[in-house]
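Order-wise, the sequence lines are chains A and B.
Take the first sequence: its position 162, counted from the start at 1, is 162 in my numbering, and no numbers get skipped.
Take the second sequence: its position 144, counted from the start at 1, is 1144 in my numbering, and no numbers get skipped.
We put the CB at the ideal spot given by N, CA and C, even for glycine.
For clarity, every value in this text was computed on a predicted model and none was experimentally measured.
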Amino acid sequence: MAYQKHMLAGTGIGLRQPHVEHFIHGTPPIGWLEVHSENYLQENSKRRHQLRHIRNDYAVSCHGIGLSLGSSDPLNLNHLKSLKSLFDDIQPSLISEHLSWSSLNGRFYNDLLPLPYTDESLHHMVSQVNQTQESLGREILIENPSSYLAFKHADMSEPELLNQLSQRSGCKLLLDLNNIFVSCSNMNTDPYHYLAVINWNQVAEIHLAGHTVKQLPQGEIRIDTHNNPVCDEVWDMVDAYKDKLQYIPCLIEWDADIPSLEILIAEAKKAQQHLGLTNA
Amino acid sequence: MPKINKDSLGQLQAYFTKHLTHRQVADQERPAELDSLPSLLEKSHFSPEQLINIYRNNFVISLRELLEQLFPVTQALVGNEYFTQTSRQFINDCPLKEPHLNHYGGKFVSFLDRLKALEHMPFVVQMANLEWHLDRISHIYYEPNFDFDALAQIGGDQYPNIHFNLAETCYLQSSRMDLIALHNDLSEPKKTNPSTQETNYQQQSYILVLQNHQGESALMPINHQHWVWLTGLQNGFTLVQLCDMENTDIASLMAQITDWIALGCIDGFSLRAEFNPNQP
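This is how it looks when you write it as structure tokens:
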């Protein structure tokens, strides 16, 4: 199917089911849309049909959560095949996955689980990303996850691993500033140091989202819930790195307690203002 | 205590998943391997169990919420406490084997069907099955395009050998309970009204689940004769065989078939030379 050409640029939002009808019956003012690949795998589904319709009016990126690239299991070739079929159909501008794992011995855990940042993990991820890119015939982006714990026997930091992975596999990076803030807060490290280490030449997409602060007896921990507006500290990070960020497609993610489309669009406009893409 | 060296990603992931799926049971000894993972974690002011619990909650709660969303009436039927307990048991005993959730609800119905506690309440499993197909059918993309021109080309002498296809957006279910009344009452509980007669749910029911013209799935009560015809179509019977089953004539049956085509229940037809009961 030939779609009209659309540039994936400026700010976009994650397309969620409660808002789909708005995009079927109109063209709300937003730069581009991102979908969760796993929600659109079934070829004869209503969702896939709706996405084809919407794809005519918007550039779309496909964000996956099921490839489990960091798992010591072999890559799930059936899933890869389904994804390729989706990508051939929808022709997304970008395809992304995570620096994490979610399955072992064929069992899936429906969450992004943490990797130890070791040489072994790096080699494994390079191999998995290479195999994925070869199967798909195009490059993918890898996103930094939110972390709640770290492993003792790390050989490198997360941004160092991402830089190495990108350099060795040719993949690009999807930098989630909220995830950086959540992980750094939970690990008591400096998010600005993370941003200083990352190789910005490889960053092809930015995610912004909200999170939840949970009180435990020993103190607070930040949970990546995607159910709130972007917090002030993350906007401060955006302001500090505006010069680099304004040329990179930026997405507002909101996955739970989903607000009205107007609120999401307002959040995307706020991002544009912070990035200096529109007048405040 | 088992040791892990830094080059054993698979072993670390095995320890991690052991923690994710471990259920604390009072009289059950704690497996020794559960002591391995905490020793591999960086020090934190939170306990290893608290940190791993964040991942466990993400995994278990996301699946439980999916089941609650798919089976609200079943949940109302068995009560929140039993539903939560059963969901937890299902998530533990029937691992998710796919990187997406498209078939997970169907597996929950099969799980309920195997529970001894529900043996004497078959209507619970029947309701869950009904809800599963309501959801499944709502996701199918379907555009009625019955080929009336092709049907008009069929000579009258060939009518007995026509087989009409039941659309994939239809599902048939029978029960000794009035499942539709039960579904309606539990979906939208009636306001208390002393003059309203109590519904007698102990009635045989025949149900057609179908996608209506608005693209939504709906429940439609049908009578016994329609049930026999539609299940006959499902089993590959020709018109003449359907007539024999209910002792009717082709003209009467064709009038009914026309109604079902209009409803979107029949999406095509084929001609069968002769009927082989072993190969419908």
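CB-CB length for threonine 132/A against leucine 69/A, believed under 8 Å: Position 132 of the first sequence holds residue 132/A. Position 69 of the first sequence holds residue 69/A. Leucine 69/A and threonine 132/A do touch by the CB rule: their CB atoms are close to 7 Å apart, below 8 Å.
For tryptophan 32/A, the three-state DSSP class (helix, strand or coil): Position 32 of the first sequence holds residue 32/A. Strand.
Start-to-end residues for the alpha helix (DSSP H) that takes in threonine 1074/B: Here residue 1074/B corresponds to residue number 74 of the second sequence, with the count starting at 1. Run containing threonine 1074/B: 1072-1078, per the alpha helix (DSSP H) assignment.
Exposed unless 16 or more other CB atoms sit within 10 angstroms - verdict on isoleucine 1261/B: Against the second sequence, residue 1261/B aligns to sequence position 261. With 16 or more Cβ atoms within 10 Å of its Cβ, isoleucine 1261/B is classed as buried.
Contiguous beta strand (DSSP E) assignments of at least 3 residues, all confined to the segment 1090-1148 of chain B: With a minimum length of 3 residues, no continuous beta strand (DSSP E) run stays inside the segment 1090-1148 of chain B.
Selection from Gln1211/B, Asp1185/B and Glu1131/B that minimises the alpha carbon distance to tyrosine 1201/B: Here residue 1201/B is taken as the residue at index 201 of the second sequence, counted from 1. When only C-alpha atoms are compared, the closest one is Asp1185/B.
Closer than 8 Å to chain B by CB, serine 157/A: Reading the first sequence from its first residue, position 157 is the one you call residue 157/A. Chain B, which has no Cβ nearer than 8 Å to the Cβ of serine 157/A, makes this no.
Counterpart residues of threonine 212/A in DSSP-defined beta bridges: Position 212 of the first sequence, counted from the start, is the residue given in the question as residue 212/A. Beta-bridge pairing links threonine 212/A to Ile223/A.
Under 8 Å between C-beta atoms of isoleucine 30/A and isoleucine 265/A: Indexing the first sequence from 1 puts residue 30/A at position 30. Indexing the first sequence from 1 puts residue 265/A at position 265. Yes. Within cutoff.
Buried or exposed by the 16-neighbour rule on C-beta atoms within 10 Å, applied to glutamine 1013/B: Taking the second sequence and counting its residues from 1, one reaches residue 1013/B at position 13. Looking at its Cβ environment, which holds 16 or more other Cβ atoms inside 10 Å, glutamine 1013/B is buried.
contact_flag[the segment 58-67 of chain A, the segment 94-101 of chain A] where n(CB pairs < 8 Å) is 3 or more: The segment 94-101 of chain A and the segment 58-67 of chain A touch, with three or more beta-carbon pairs separated by less than 8 Å.
Residue range of the alpha helix (DSSP H) that includes phenylalanine 1016/B: Working through the second sequence from its first residue, we reach residue 1016/B at position 16. That run of the alpha helix (DSSP H) goes 1009-1021.
Cβ contact (3+ pairs, closer than 8 Å) linking the segment 82-90 of chain A and the segment 195-214 of chain A: Because the criterion of three Cβ pairs below 8 Å is not met, the segment 82-90 of chain A and the segment 195-214 of chain A do not touch.
For arginine 107/A, the residue or residues it bridges with in DSSP: Along the first sequence, read from residue 1 onward, the residue named residue 107/A stands at position 107. Under DSSP, arginine 107/A takes part in a beta bridge, and its partners are Leu104/A.
Within-8 Å CB hit, leucine 69/A to chain B: For the purposes of this step, residue 69/A is identified with residue 69 of the first sequence, where counting begins at 1. So, not an interface residue.
Local Cβ density within 10 Å of threonine 27/A, reported as buried at 16 or more and exposed below that: Working through the first sequence from its first residue, we reach residue 27/A at position 27. Exposed: under 16 other Cβ atoms inside 10 Å.
Contacting residues, own chain, Cβ-Cβ under 8 Å from alanine 204/A (five flanking each side not counted): Within the first sequence, residue 204/A is the residue found at index 204, counting from 1. Excluding residues within five positions, the ones whose Cβ falls inside 8 Å are Leu94, Leu141, Lys172, Leu173, Leu174, Ile248 and Pro249.
Cβ pair glutamine 272/A, threonine 11/A closer than 8 Å: The count along the first sequence starts at 1 and reaches residue 272/A at position 272. The count along the first sequence starts at 1 and reaches residue 11/A at position 11. Against a cut-off of 8 Å, the Cβ pair of threonine 11/A and glutamine 272/A comes out as a contact.
Of the residues Phe1164/B, Phe1016/B, Asn1223/B and Ile1091/B, the one placed nearest phenylalanine 1146/B, counting alpha carbons only: Indexing the second sequence from 1 puts residue 1146/B at position 146. When only C-alpha atoms are compared, the closest one is Phe1164/B.
Short-range partners of chain B found in the segment 217-234 of chain A, where Cβ spacing is below 7 Å: Gln218, Gly219, Ile221 and Ile223
Three CB pairs or more closer than 8 Å across the segment 75-82 of chain A and the segment 46-54 of chain A: no
Residues, ordered as in the chain, of the segment 155-186 of chain A that lie near chain B by beta-carbon distance below 7 Å: none
Short-range partners of chain A found in the segment 1092-1103 of chain B, where Cβ spacing is below 8 Å: Pro1095, Leu1096, Lys1097, Glu1098, Pro1099, His1100, Leu1101 and Asn1102
In DSSP terms, what cysteine 62/A is bridged to: One-based indexing of the first sequence puts residue 62/A at position 62. Under the DSSP definition of a beta bridge, cysteine 62/A partners with Val35/A and Ile95/A.
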